[in-house]
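Chemist: Numbers -23 to -1, 1 to 456, taken from mature numbering (1 follows the signal peptide of the UniProt record, and there is no 0), label the letters of the sequence shown in order. We put the beta carbon where it would ideally sit given N, CA and C, even for glycine. Model, not experiment: these values are computed from the prediction.
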Amino acid sequence: MAHRMRSFLSLLLLTILCTCVRAQKDVTFGQQYTLPSTMLAEDRVLNVLLPREYADSTAKEYPVIYLLDGAASEDFFHVAGLVRYYQDHHMMPPTILVGIANTDRKRDMTYPSSDPRDRADFPTTGGSARFIEFLQKELTNWTETTFRTTEHRTLVGQSLAGLLATEVLLKYPGHYDDYIIISPSLWWDREGLYQRMDSLTSALTDLPQRVFLSAGTEYPVMVNGSQKLARLLEDRTDATFLHLPAEDHNTILHEALNRAFDQWYDPTVIRPYHFANAWNGLNIRSAPSLDSAVVGKLDYGASLGIIRQQEEETVIDGLSGKWTFIGSDIGRGWVFDAYVSPVGVFTQRAALADYAKGNLFLDDSLNYSNHEEEDHAYRLNIRKDDHGNQLVKFNQWETCWADLRLAGLNESQAQVTTENWLRCEKIDVGLLSPRKIHSDVVGTEFFYREKETNNLADWSYVRITFVQGVLSIKQSCLE
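1) Comparing alpha-carbon positions, which option in Ser179, Glu168, Glu144, Arg187 lies nearest Asp154?
2) When we look at the beta-carbon of Thr5 and count the other beta-carbons within 10 Å, is it buried (16 or more) or exposed?
3) Between which two residues does the beta strand (DSSP E) holding Thr143 run?
4) Between Ala232 and Leu221, is the Cβ-Cβ spacing less than 8 Å?
5) Note down the Cα distance separating Ala192 from Ser280, rounded to an integer number of angstroms.
6) Going by DSSP in three states, Phe53 sits in which element: helix, strand or coil?
7) Where are the beta strand (DSSP E) runs, 3 residues long or more, that stay fully inside the stretch 180 to 211, in chain order?
8) With distance defined between alpha-carbon atoms, name the residue in Gly446, Arg213, Lys361, Pro161 nearest to Val133.
9) If you measure from the beta carbon of Phe302 to each beta carbon in chain B, is any gap under 8 Å?
10) Anyone know if the C-beta pair for Gly273 and Gly304 falls short of 8 Å?
11) First and last residue of the beta strand (DSSP E) that includes Pro13?
12) Taking 7 Å as the limit between beta carbons, can you name the residues of its chain near Val200, skipping five residues before and five after?
13) Which residues bound the alpha helix (DSSP H) around Asp95?
14) Can you tell which of Ala48, Leu59, Glu51, Gln325 has its C-alpha closest to the C-alpha of Asn235?
15) Beta strand (DSSP E) containing Met311: first to last residue?
16) With a threshold of 16 other CB atoms inside 10 Å of the CB of Phe338, please say whether the residue is buried or exposed.
17) In this structure, what does DSSP give as the bridge partners for Gln452?
18) Taking Gly335 as part of the alpha helix (DSSP H), name the residues at either end of that continuous run.
19) Classify Val322 as buried or exposed, calling it buried when 16 or more other Cβ atoms lie within 10 Å of its own Cβ.
20) Would the beta-carbon of Leu209 fall within 8 Å of that of Asp239?
21) Which residue comes first and which comes last in the alpha helix (DSSP H) that contains Lys83?
22) Give me the Cα-Cα distance between Gly335 and Leu116, rounded to the nearest whole angstrom.
23) Taking just the CA atoms, how far does Thr11 sit from Arg46?
24) Would you mind sorting Thr376 into buried or exposed? The rule is 16 or more other CB atoms within 10 Å of its CB.
25) Alpha helix (DSSP H) containing Ser105: first to last residue?
26) Run through the DSSP bridge pairs and tell me what Ala253 is partnered with.
27) Look at the alpha carbon of Ala57 and the alpha carbon of Gln64, and state the distance between them as a whole number of angstroms.
28) Measuring CB to CB, does Leu230 end up less than 8 Å from Gln135?
29) Using 8 Å as the threshold, is the C-beta distance between Ala255 and Tyr332 below it?
30) Classify Arg(-20): buried if its beta carbon has 16 or more other beta carbons within 10 angstroms, exposed otherwise.
31) Can you name the start and end residues of the beta strand (DSSP E) that Glu402 belongs to?
32) For Val246, which three-state DSSP category applies?
33) With a threshold of 6 Å on Cβ separation, who are the neighbours of Leu26 within its own chain once the five nearest residues in sequence on each side are excluded?
34) On the DSSP letters alone, give me the boundaries of the alpha helix (DSSP H) that Tyr171 sits inside.
35) Assign Pro13 to one of two classes, buried (16 or more other C-beta atoms within 10 Å of its C-beta) or exposed (fewer than that).
36) Return helix, strand or coil for Asn358, following the three-state DSSP convention.
Here it is as structure tokens:
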């Protein structure tokens, strides 16, 4: 009886688990369409990835990337993931990707070969002319009537598809603005297209805007032919060849596309991490407005990455700044950059030298000392980095001062940073009264007591200035 009960419970648990699995939904990425082609006398499957913003931007038009070998079981998902990643990180403009699935790849990607071995190995080959006509007329018309497109078109092909893209470039020019040709099968037809490359390029009158060619460690004519084509075109248009010897014919696609996109579009500035500098936490908003929803809150000192900024400035809490789109561990959104710092924030009372040691990579130093007379002897130490941050320490007799200089802040960020430092030092913010210190330098300077005594040694001197983008906090100290 106990055995039957255990079997029943096991069966019941298995049924529950199977029911849960069946309840899951498929992950979808892009849309699939079927185009009945009169030119090819067959249906062609098309896989399409639209920009995320497409449904919300009812009037905007987008360039199109046409991907050969574009079936879900071929290269569509690989390339679509890369395109989506680049667009999400604002590394390339929003673009429509159209993947053309194959029905008879060897037929469509090859022109008639004079080599009997090609004809014997691939009996259906030689139909590229009709397929190119389909691409340039029927497919383009379908794409541009189905979606909102600009007239900018890019053709991407690898291997036999790279051979076809090369044939389109040299023999059917004028339709595509950009070409990405990877490991083209120029061995076809006893290297016939490679052999005629000089005369075909010389005859070109309608040149594309950009051509990117790449090959790895593979059949020599794929490498040599790609390099030769780039060399023949480079004086007439933007043509580049990139050899990737660490890749082979099966691994090269991702890396080559990554390099092509990175080279063509506005280079992404590799920004160092910034930090949330709002004392009570930095709100992340859904839009660049105080009226928008708060979608998250970064703790004071949390790291963030700047993706882009608005051009215009606005004033919030008496501070001038720009709305900035950021990424962080808790998500993306908009923050006001007056409360963002390019250097680590002050989090506790500590000597300026200790803050610099923990937050700045000061890798260059200069030391100077004078020992002529004991009561006039002094030591000077300057440490700095490539970003303009600097720590200056001056020691004389029994006293010293430290001058921490933080670069890359705007005026509002400098004000917020100063106020936060005063909070950590437990100094009254009311002591910040701007005054002309010397010449054209405006800042604030004051004495404050570290202890409730009348001993002069318990008073410290502080001078704070902000000149040409550099915040200077100078503080006396005892040694």
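Modeler: This is what the structure gives:
1) Arg187
2) exposed
3) No beta strand (DSSP E) contains Thr143, which is instead part of the alpha helix (DSSP H) from 137 to 148.
4) The question names Ala, but residue 232 in the sequence shown is Glu. Closer than 8 Å, so yes.
5) 39 Å
6) helix
7) 187 to 192
8) Pro161
9) Here there is only one protein chain, and chain B is not present.
10) no
11) 8 to 14
12) Ala192, His220
13) 93 to 98
14) Leu59
15) Strictly speaking, residue 311 in this sequence is Trp, with Met absent from that position. Its beta strand (DSSP E) spans residues 308 to 313.
16) exposed
17) Ala379, Val439
18) 329 to 336
19) buried
20) no
21) 82 to 86
22) 59 Å
23) A small correction: the amino acid at residue 46 is Asp; Arg does not occupy that position in the sequence shown. Straight-line Cα distance between these residues: approximately 15 Å.
24) exposed
25) 105 to 110
26) Val317
27) 10 Å
28) yes
29) no
30) A caution first: Arg(-20) carries a pLDDT of 49, below 50, which makes its placement in the model unreliable, though a value can still be read off. Exposed, since its Cβ has fewer than 16 Cβ neighbours within 10 Å.
31) Per DSSP, Glu402 belongs to no beta strand (DSSP E); it is in the alpha helix (DSSP H), 388 to 402.
32) Residue placement at Val246 is flagged as unreliable, the pLDDT there being 48, under the threshold of 50; the coordinate-derived value follows with that caveat. It is coil, neither helix nor strand.
33) Gly7, Ala57, Leu74
34) 165 to 172
35) exposed
36) strand
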